[in-house]
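**Student:**
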Amino acid sequence: MADPEAPARPAEMSTRYDAASVEPRWAEEWIGRGWFHAEVPDDPSDAYCIVIPPPNVTGRLHIGHALGRSIEDILIRRARMRGLAALWVPGMDHAGIATQVVVERELQKDGIDRRELGRDAFVERVWAWKEQYGGEIIGQLERMGCSLDWDRERFTMDEGLVRAVRVAFVRWYERGLIYRGERLINWCPTDQTGLSDSEVEHEEVDGELVTFRYPLSDGSGSVEVATTRLETVLGDTGIAVHPSDDRYRDVVGRTVRHPFDGRDLPIVADEAVDPTFGTGAVKVTPAHDVIDFEIAQRTGLPPRNILDAEARVNANAAEEFFGLGRYDARQAVREALEKLGLLVREERPYRHAVAHCYRCHSEIEPWMSGLQWFVAVDGLKEPATKAAEDGSITFWPARWTKAYVSWLEGLRDWNISRQLWWGHRIPAWYCPDGHVTVAIEDPDACATCGSTEIQQDPDVLDTWFSSQLWPFSTLGWPDDTEDLRAFYPNAALVTGYEILYLWVARMIMSGISLAGDIPFRDVVIHGLIRDAHGRKMSKSLGNVIDPVEMIDRYGADAMRFSIVRLATGGQQDIPLSVDSIEGGRNFANKIWNAARLVLQTFPGGEPSLPPVDRLSAPQHWLLARHQRCVADVNGALDRFDFASAAQALYRFFWSEFCDWSLEMEKERLRSEDAREREDSANVLAWVLERTLRLLHPVMPFVTEEIWQRFGIGETIVRAPWPEAGEHEDHAALGAGAEAAWPFVEEFVSSVRRVRSQYRISPRAILPVVFLEGPAERPAYEATRGWFSAEVMRLAGVPAPASEPPGPQAKGFVRILIGGETALVFVGDLIDLDVERERVEGQLRTAREKVRVVSAKLGNQGFLSKAPAEVVASEKLKAEQLEREAVSLQEQLDELG
RNA sequence: GGGCGCUUAGCUCAGCUGGAAGAGCGUCGCCCUUACAAGGCGAAGGCCGGGGGUUCGAGUCCCUCAGCGCCCACCA
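All residue numbers for the first sequence refer to the numbering used here, where the first residue is 367 and numbers rise by one.
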C-alpha cells in the first residue's frame, strides 16, 4: 500500500466525501512519487505524447484551460493505464505583447517608463517578474490533478527553445522561406507594434461613408470618390477606376488636384476597382490601405505615409493637419472639404467591418513601418493542406478540416516582426553597407563584407513563431534526441477553435517543414465555455466561473466531471453553470458512499468473481451492464466524445450500480449465509474496482482515494485500464439477464407506482399475484430467477402467490408488465374513482398505440416493403398492446 | 460577400447508419428505510422552428423559408 498510513476502512469513512482534504494530498503524492514521469519506451509505438498548449506566463487558470486540460488529462491517463509511455509535456509561453504590457503597467505604477529604463534593463525586469509572479497557473494545474511530466517542463524562452527558434529561423531563411521586405502591415498604434493578419479581428463598427469631389486639374470637372476614413485623403496619391468603365474612359490618364496641397494626382485604371460600388471611382492611399497599396504597385502610384507610429498626422501631410490624431484629423478633413464645397454626401452611421487589435482592441492602422520579416507561406501550405486531406491528421469534429483547408488556401505571407522588447530577438544583423547576416550564433562580423560594425535587428519575433515549434522544440529539436525520436509526432493536440489558425495550422506547417513530419495525428477541437444561457463569460456580465474557486468549493473531480460531461462532440459552445458543477460534486459523493457500502462487507484485496453457476440473475445483469459500460466508455473516448463517456459512466454508476444493483444486493450482502454474503461482496467489489479504474481519468482523486482501500497496488494511476472485450464469458451469460431486465424493472416500478399513488408506506408489504393470461407467460417464466427475495424486496412484496384470486376479490389493483398482468392488493385503501381515472387514461393511450400499429400493419406497402424483422416486431407489438387494452378494459368493467 | 453551426420538455442539451421521443437541472408529491437528504421513490411536462419533398414509414435524408450564433473576408 502506497500510503504509509493505512487508509480508513468504512467505519471511519465519513458519510460525506471531503474533496478539499483528499485532493491536495494526492496531487502532491502523485508528483512526489514520479508517477507522471514518462520513460522513453523501447518501442516507439508504445509512446503517447501530448504537449500542453502553453499558457501565457501572465495567465491564471480559467475555465477554458480547465476544459482543455481535463480532456488532455483523460487521454493521457488512459494511455498511461494502457501501459503506454504517456508523456504530457508541461510549459508556458512567454506571450510577447501580453507580458510586455503587464510589466509595463507594473512599472508605470512606480512612475517608470520602459523607454527611460532602456531595453536591457526592461527585459531584465520582465524576467524578474516572470520568476516572481509568472506561472501561477502551474500550481493550479497541479491542483486540478493534471498528470503532467514536470521533469520535462519547458518555457518558450528557455535556452533550448531559444536555440530551436534560431535554427528554425535560419533554416527557413536559407530555404528562402523567410525574407525581409517593406509592405503595408497591420499596425496597432496603442501597442506600437505590427501584427500578423491572424492577430487582427474584424468587428462591425458604426462609421461613416463620406463622398466628396476631387476637381480635375484642368478645371474641366471633377471625380466623386467615397471613403470611411477621411483622414487618408491626406495621403492620397491617385484615383483609380475600372479599365472597362465607360463613364471614366475619358479621364483615365488625366489628373485631379489635391484640395489641400495642390498636388496633381493621376487617374489610373485597375481591375481591383468595383465599378458597381459607389461612384465607381476610388481614391488611392497606397500607404494606408492594403488594396490601394496593391493598386499602386501595379500602376506606379507612389506611397505617401502621413501617419506616425501613434497614428498622428505627420509632416508629409498638408501643414494645417500636422500633429492631429487620426480621429481628429478625420473631422478636420471633413470640415476642410466642406469649406471648399467639395463634400457631396455623408452616410452616417455606415456599418462596416474594421480591423482591431486582438489584444487591446484598438483600431488597426494599415501602415508602412519600414522593413519587416515575413514567412513565405507558399511552400508551406500545400503539404499542410495535404496532411489534412489525406487523413494523416484528423480533425475532431471533422468539419474543422474544411475550415482549416480553406484558411490555408487564402493564407498570405506571415509578418513575424514585432516592435517589442520582450521576445525572441530576430537573429539578423545589419552592417553599415546594408548587408544582412542571419545566423544561429551571434556573429562578430558581417557575413558579406566582414564589417564588425554590425547591429542586430531591434525587433522580436511574433510569439506564435516560437509557439509553432512547441510540439518538437519541447522534445529537444533541433537535436536528434531520444525524446524526439520516441514522442514525435505527438498523438493528439487539444485546443479550442479560437486558435486553430493562429497556432494549430502553423504547427502543422512548421512541423512538416522543419521536423520532417506532422506534429500530431489527431486535433481535438472543443467548444468555448459559456454561461448557463450561452452568453460569453465576462467580468461586466458578472457571469464568470472561476475554476480555482470551483475547485476549492466542490473539488477538482467535480469540476472536471461536470465540464467534460457537457463537452459534447460537435458543440460550438458549452454552457456551464455552477449547478452542474455541484452535480459533479454530488456524483463524487455518490461514488464515495457506494464504496463505503461495498467495503463494509468486502474485506479488501483483489475481488474475485464467484463461479458463474453461483451468480444470481441480478448479478449476471450487473456484470453485463458493466461490460457494456466499459465498451461504451472506450468507444466514446476513441471518438474523442468525452461527454458520452462521462454520460455512460454516470448512468452506469448511479442508476445501474447504485439504484438497482446495490439495492438488490443489500439482501445478500447481509445474508446469514457466509458464502452468499462473500459472493455478493465480491461481485460488487469487482465491479466497483474496475469502474473506479474506468472513472479514474475523469475523476482522478476520488477514485484513487477509494482504490487505495482495496490494497492491491501502489496507485490507480498505473493500474491497468479496463478494455472492452475482457470477461466475455460473463458478458455472454449476462445477455439473457439483460434481455429479461425490462420486465423486472417494469414490475418493480409498477408496484412502486401503486404504492406512491395510494400513499402506502415503503415498508408495508403488498401481496402480489400474477394472473394467468390468455397467452403463455414467456416473460414471467423467463425471468423466474429474478423473483428472488432481493428483487421482491425492491418492490416491497412477498414472493408472488401462484393462485389467482377469485373474480370476487376486492381491493386489488391491476398492473401490466410487458403484456403480463399482476394484481397488487391494497385492501381498504382502494379508491374506485382514482382507479377508474387511472385505468381510463392507460386505456386511452393503449388504444391510441394500437390504432397506430394496426394502421401500419394494415398498410400493404409496409407489409411488402419493410424488412421482415421489422414487420414481425410490429406484429408482436400489436399483440402485446391489444392484450394490454383487453386487460385494461376488463379491469374497467370490474371497477364498474 | 463567402463558409459553418444551431433551432427537440420550463432551462441546458443527447438522439449513431430512418422503424413505439431521452438525460441532467428545475417543478410537484411521498419518504431522514443504518452507503449517500450532496439521498431514495413516484409524477407532471414535448404539433422535435415553419413549409414542401423522398419513403411503406422522417426528430433522423433532400429542398426551401425564418430566427439565433460563429468563423473567414482588401467593397473604398
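For glycine and all other residues, C-beta sits at the position ideal for the given N, C-alpha and C. Just so we're clear, the structure is a prediction, and the values are computed from it rather than from any experiment.
Alpha carbon to alpha carbon, how far is Asp1197 from Leu988? Give it in angstroms, no decimals.
**Tutor:** Distance between the alpha carbons of Leu988 and Asp1197 is about 38 Å.
**Student:** Suppose only complete runs of 4+ residues qualify. What are the alpha helix (DSSP H) ranges in the stretch 1071-1134, listed by chain order?
**Tutor:** Within the stretch 1071-1134, the complete alpha helix (DSSP H) runs of at least 4 residues are 1094-1123.
**Student:** Does the Cβ of Thr1211 have 16 or more other Cβ atoms within 10 Å, making it buried, or fewer, making it exposed?
**Tutor:** So Thr1211 ends up on the exposed side.
**Student:** Return the residue from the list Leu483, Ala374, Tyr545 and Arg670 that minimises the CA-CA distance to Glu470.
**Tutor:** When only C-alpha atoms are compared, the closest one is Leu483.
**Student:** Assuming Thr665 contacts Asp630 under a Cβ cut-off of 8 Å, what Cβ separation, rounded to an integer in Å, is found between them?
**Tutor:** Between Asp630 and Thr665 the Cβ distance is about 15 Å, and since that is not below 8 Å, they are no contact.
**Student:** What is the DSSP secondary structure of Ile730, reduced to helix, strand or coil?
**Tutor:** The answer is coil: DSSP assigns Ile730 none of H, G, I, E or B.
**Student:** Using alpha carbons as the reference points, say which of Pro581, Ser772, Glu1033 and Leu1060 lies closest to Asp627.
**Tutor:** That would be Pro581, whose Cα lies nearest to the Cα of Asp627.
**Student:** Given this structure, state the Cα-to-Cα distance separating Val996 from Ala1040, to the nearest angstrom.
**Tutor:** If I take the Cα positions, the gap works out to 30 Å.
**Student:** From which residue to which residue does the beta strand (DSSP E) around Ser1046 run?
**Tutor:** Counting along the chain, Ser1046 falls outside any beta strand (DSSP E), though it belongs to the alpha helix (DSSP H) covering Ala1040 to Leu1061.
**Student:** Given a threshold of 16 other Cβ atoms within 10 Å of its Cβ, counted over all protein chains shown, does Tyr854 qualify as buried or as exposed?
**Tutor:** When all chains shown are included, Tyr854 counts as buried.
**Student:** From what residue to what residue does the beta strand (DSSP E) around Asn856 run?
**Tutor:** Element bounds for Asn856: Asn856 to Gly862.
**Student:** Give the C-beta separation of Met903 and Asn909 to the nearest angstrom, bearing in mind that I take them to be a contact with Cβ-Cβ under 8 Å.
**Tutor:** Rounded, the Cβ-Cβ distance is 5 Å, consistent with contact.
**Student:** What three-state label does DSSP hand Met903 in the structure shown?
**Tutor:** Here Met903 sits in coil by DSSP.
**Student:** Alpha carbon to alpha carbon, how far is Pro1144 from Gln1074?
**Tutor:** Residue confidence is low: Pro1144 scores 49 on pLDDT, short of 50, so the model does not pin down where it sits. Its coordinate-derived value is still stated next. Their backbone Cα atoms lie some 46 Å apart in a straight line.
**Student:** Might you give, ordered along the chain, the residues of its own chain that have their beta carbon closer than 8 Å to the beta carbon of Asn955, omitting 5 neighbours on each side?
**Tutor:** So the list reads Arg382 and Tyr383, once near-sequence residues are dropped.
**Student:** Within a Cβ cutoff of 7 Å, which residues of the same chain sit near Pro1088, ignoring the five residues on either side of it in sequence?
**Tutor:** The answer, listed in chain order, is Val996, Arg1056, Arg1059 and Leu1060.
**Student:** Please name the residue in Asp845, Ala794, His899 and Leu841 whose C-alpha comes closest to that of Ile820.
**Tutor:** Of the listed residues, the one whose Cα sits closest to Ile820 is Ala794.
**Student:** Tell me the residue span of the beta strand (DSSP E) that contains Tyr383.
**Tutor:** From DSSP, Tyr383 is part of no beta strand (DSSP E); its letter is neither H nor E.
**Student:** Could you check if Gly893 is buried or exposed, using at least 16 other CB atoms within 10 Å of its CB as the buried criterion?
**Tutor:** So Gly893 ends up on the buried side.
**Student:** Where does Trp401 fall in DSSP's three states?
**Tutor:** In the structure shown, Trp401 sits in coil (DSSP, three-state: anything other than H, G, I, E or B).
**Student:** Ends of the beta strand (DSSP E) at Glu570?
**Tutor:** That run of the beta strand (DSSP E) goes Val566 to Pro581.
**Student:** Between the C-alpha atoms of Arg541 and Phe535, what's the straight-line distance to the nearest angstrom?
**Tutor:** Taking the straight line joining both Cα atoms gives about 10 Å.
**Student:** Sort Phe927, Asp557, Arg485 and His624 by Cα distance to Cys726 and report the nearest one.
**Tutor:** Nearest option by C-alpha distance: Asp557.
**Student:** According to the Cβ coordinates, are Ala857 and Tyr414 closer than 7 Å?
**Tutor:** For Ala857 and Tyr414, yes; Cβs fall inside 7 Å.
**Student:** Are Trp1152 and Val1110 close, meaning C-beta to C-beta below 7 Å?
**Tutor:** Cβ distance < 7 Å, so Trp1152 and Val1110 count as in contact.
**Student:** Please report how far the alpha carbon of Met1030 lies from the alpha carbon of His431, in whole angstroms.
**Tutor:** Looking at the two C-alpha atoms, the distance is approximately 42 Å.
**Student:** Quick test of the definition: if touching needs 3 or more C-beta pairs under 8 Å, does the stretch 705-724 touch the stretch 519-538?
**Tutor:** The stretch 705-724 vs the stretch 519-538: no contact.
**Student:** For Thr1187, which three-state DSSP category applies?
**Tutor:** Note: Thr1187 maps to strand in three-state DSSP.
**Student:** Let me make sure I understand the geometry here. Which of Trp762, Gln506, Leu1054 and Phe521 has the alpha-carbon closest to that of Ile1072?
**Tutor:** That would be Leu1054, whose Cα lies nearest to the Cα of Ile1072.
**Student:** Checking 7 Å against the spacing of the C-beta atoms, do Leu774 and Ala530 come in under that value?
**Tutor:** Taking 7 Å as the Cβ cut-off, Leu774 and Ala530 do not qualify as a contacting pair.
**Student:** Taking just the CA atoms, how far does Leu561 sit from Trp495?
**Tutor:** Computed Cα separation, rounded: 25 Å.
**Student:** Could you say which of Val467, His428 and Met510 lies nearest to Ser436 if we only look at CA atoms?
**Tutor:** Per the Cα distances, Met510.
**Student:** Judging by CA-CA distance, which residue of Leu1160, Thr1069, Gly457 and Ile661 is the nearest neighbour of Gly526?
**Tutor:** For Gly526, the nearest C-alpha among the options comes from Gly457.
**Student:** May I ask which residues mark the beginning and end of the beta strand (DSSP E) holding Arg311?
**Tutor:** The structure shown does not extend to residue 311, since the chain is modelled only from 367 through 1262, so no value can be given for it.
**Student:** DSSP beta-bridge partners for Ala794?
**Tutor:** In DSSP, Ala794 forms a bridge with Val804.
**Student:** Alpha carbons only, please: which of Gly842, Glu731, Ala662 and Gly462 is nearest the one belonging to Val566?
**Tutor:** Here the closest residue by C-alpha is Glu731.
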